[in-house]
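Q:
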């Protein structure tokens, strides 16, 4: 953990219509906070990369373990080293909206 | 056909007939369900397949019937429902299977693909609604996908921590034609994971250094078939054992190290033993709040070893000192070779004293429900399978029914679904045709799925239905008495149906048994083969004790109303009931 209030969890997922529901459903069902979400297909489009901005607290370990159990989630990594620029830009967009 | 083409190796299936064929290859022999518009192709194929279908009278009962097969035999089982209300009715049983980790595969009909999203007749988002209550779910988009989806559904249901899988199957996919050569291999569970040798060695060292170790065992031991290994570890190292509701049957009743169930209505000896432990060996358990009470007061002096097949359970509630996410039986097999034998005479003496001082209070008289449980158990064959509903009778059964083996005491532990026992009993009866099935239910729980008396009569299942009738939602009444100032709201049934007459109306022999119980009536009911309903009168206001008040630690269990409740009673009505 890097001491920041938020951290980013990166998922590689199978790209099909139900995957997003499974991921977001997990957060609401388990009462985890989800501050931001960014998703796009990678490569030929069979997989997607999903970046989740989550609170960097004691529940992070449980979030990662539960995400890892989802059938369509192929890998879970906590991106301690990734800066939040990508989400910052989204925040700018939202400011403009 | 006489002329054989070069493509004769291929068989033409409909999506429906393909699904049925794949179920048969999974070893499915019985499917429970109800047909409707969106799964009629499935039923058409089922009718020609030789699979046995049991027509239940509510889809939830189909789910519980499948659970009864799965829980009693340790196999995956299947059920069908149509779209819309069929699917929503089924979901409670699916959620129940999720919380108790029971492998069932539910197949729901869905409106044709082209109509999905149009609010078509009997359309509901079954896929979306089943996400949080299944281990995984599929919306099938073509008949070709079934070849992968069905074996995969069974693999998922049976692998690791078991659980329910739902397959939503649009009607046009059921009707689509497909040519196939060889069918895929049936889905089988993934190989179970094993812990590393170093972890096991440090567990063995921790056990050796403990003065007051306790084994805390639950449903995961049952699922892995590890009861022999638990008994062996307990015996070799002189370790007392407490179990959860889902773990009843793991230990032999006569074993001097077995202290019974822990938790909210567990034995005081079990809860005190856990409280004094310096090492808690948690096997196939998830530190459920009904087992632990207030978590801060649970085994406060103990280091913790946790073995569970689901890694997400490790550290979810209580952080262990040593843990492994693995198959419990396989881990114990190896651990048992590493541990040093020990007698722990001081700890044994302490446990024996606790047991003498705090044995479960024996029933005061014959009419106490605990005494009734023991009496019914004595009438039932020793190999009977018991299904138990939810409420006071469930806790009395957990305390007093002699559970002699795993998979013989089936109850809704996690979700606590009233209405479980009757349809689960049907599944147990179908999967164990040689065994007598005893359904223990309350007058509250019975009404939730009473329509299944029709299914039982139709199939002449050998089920003894014991309705433990106190005219109340007893556990609600008990909480209102103890913690809500005796303000009884919606916990008493003013209408008292004649359940024996109702059962006879369904074609099931029945009798009413009043206090004082007449031995002959009970004995005759159990002696006859075939279905029978006994409406057994219970004292209306008996409470289940011990009871840990909600939010308290297990050691704060009470055995009588707390002083506050008694005072409230005295001031409100001068002690009148």
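Protein chains in written order, with the numbering used here: chain A, 14 to 110; chain B, 2 to 578.
For every residue, glycine included, the Cβ atom is placed at its ideal position computed from N, Cα and C.
Predicted model only: the values in this text are computed from it and were never measured.
For the stretch 52-76 of chain A, which residues have a CB atom closer than 8 Å to at least one CB atom of chain B, in sequence order?
A: Listed in sequence order: 74, 75.
Q: Is it right to say residue 8 of chain B is buried, meaning 16 or more other beta carbons lie within 10 angstroms of its own, or is it exposed?
A: In this predicted model, residue 8 of chain B has a pLDDT of only 49, less than 50, meaning its place in the structure is not dependable enough to derive any value.
Q: Applying the 10 Å Cβ sphere with the 16-neighbour rule, what's the burial state of residue 254 of chain B?
A: By the neighbour-count rule (16 or more Cβ atoms within 10 Å), residue 254 of chain B is not buried but exposed.
Q: Which same chain residues, not among the five before or five after residue 235 of chain B, have their C-beta less than 7 Å away from its C-beta?
A: Only 216, 242, 258 meet the Cβ criterion.
Q: Count the other C-beta atoms from every protein chain shown that fall within 10 angstroms of the C-beta of residue 122 of chain B, then say buried if there are 16 or more, exposed otherwise.
A: The residue is exposed, with fewer than 16 neighbouring Cβ atoms inside 10 Å.
Q: Opposite residue 56 of chain B in the DSSP bridges: which residues?
A: BP columns for residue 56 of chain B point to B/34.
Q: Just the Cα atoms here: how many angstroms apart are residue 118 of chain A and residue 12 of chain B?
A: Because residue 118 of chain A is not part of the residues shown, which for chain A are 14 to 110, the question remains open.
Q: Does residue 14 of chain A come within less than 8 Å of chain B when only Cβ atoms are used?
A: Bear in mind that a pLDDT of 45 at residue 14 of chain A, under 50, signals an unreliable position, so the number given afterwards is only what the model happens to contain. Residue 14 of chain A does not count as touching chain B.
Q: What are the partner residues of residue 66 of chain A, as DSSP defines its beta bridges?
A: Residue 66 of chain A pairs with A/21, A/49.
Q: According to DSSP, what are the bridge partners of residue 54 of chain A?
A: Answer by DSSP bridge pairing, in chain order: A/61.
Q: Tell me where the alpha helix (DSSP H) around residue 87 of chain B begins and ends.
A: Note, residue 87 of chain B: alpha helix (DSSP H), 86-100.
Q: Inspect the CB distances between the stretch 277-285 of chain B and the stretch 167-182 of chain B and report whether three or more fall short of 8 Å.
A: The stretch 277-285 of chain B, when compared against the stretch 167-182 of chain B, does not touch it at the 8 Å Cβ threshold.
Q: Please work out which residues of its chain come closer than 7 Å, Cβ to Cβ, to residue 489 of chain B, disregarding the five sequence neighbours upstream and downstream, and give them in chain order.
A: Same-chain partners within the cutoff: 478, 481.
Q: Could you give the distance in angstroms between the alpha-carbon of residue 6 of chain B and the alpha-carbon of residue 42 of chain B?
A: Below a pLDDT of 50, predicted positions are generally treated as unreliable, and residue 6 of chain B, at 46, falls in that range; the measurement from the model is reported next regardless. Going from the Cα of residue 6 of chain B to the Cα of residue 42 of chain B covers about 28 Å.
Q: Nearest-angstrom Cα distance between residue 100 of chain A and residue 41 of chain A?
A: Each residue's alpha carbon lies about 21 Å from the other.
Q: Taking the alpha carbon of residue 548 of chain B as the reference point, which residue from B/554, B/559, B/539 has its own alpha carbon closest?
A: Comparing Cα-Cα distances from residue 548 of chain B to each of B/554, B/559, B/539, the minimum goes to B/559.
Q: Check each candidate in B/509, B/416, B/442 and name the one with the smallest Cα separation from residue 623 of chain B.
A: Because chain B spans 2 through 578 in this model, residue 623 of chain B falls outside it and cannot be assessed.
Q: In or out: residue 471 of chain B buried (at least 16 other Cβ within 10 Å) or exposed?
A: Buried, because 16 or more other Cβ atoms sit within 10 Å of the Cβ of residue 471 of chain B.
Q: Give the interface partners of residue 137 of chain B over in chain C, defined as CB-CB distance under 9 Å, in chain order.
A: This model lacks chain C altogether; the protein chains it does include are A and B.
Q: When we look at the beta-carbon of residue 55 of chain A and count the other beta-carbons within 10 Å, is it buried (16 or more) or exposed?
A: By the 10 Å Cβ count, residue 55 of chain A comes out exposed.
Q: Return the residue from the list B/336, B/191, B/317 that minimises the CA-CA distance to residue 287 of chain B.
A: For residue 287 of chain B, the nearest C-alpha among the options comes from B/317.
Q: Near residue 35 of chain A, which residues of its chain fall below 7 Å by C-beta distance, leaving aside the five closest residues on each side in sequence?
A: Only 83, 85 meet the Cβ criterion.
Q: If you run the structure through DSSP and keep just helix, strand and coil, what is residue 307 of chain B?
A: Of the three classes helix, strand and coil, the one that applies to residue 307 of chain B here is strand, per DSSP.
Q: List the whole-angstrom C-beta distance separating residue 501 of chain B from residue 513 of chain B, where the pair is believed to meet the contact cut-off of C-beta under 8 Å.
A: So it is a contact: roughly 5 Å between Cβ atoms.
Q: Could you work out which residue in B/297, B/166, B/161 is closest to residue 109 of chain B when comparing CA atoms only?
A: Of the listed residues, the one whose Cα sits closest to residue 109 of chain B is B/166.
Q: Could you work out which residues of chain A lie near residue 312 of chain B, taking near to mean beta carbons separated by less than 7 Å?
A: Correct list: 78.
Q: Tell me where the alpha helix (DSSP H) around residue 428 of chain B begins and ends.
A: Residues 422-432.
Q: Tell me the residue span of the alpha helix (DSSP H) that contains residue 172 of chain B.
A: Element bounds for residue 172 of chain B: 172-176.
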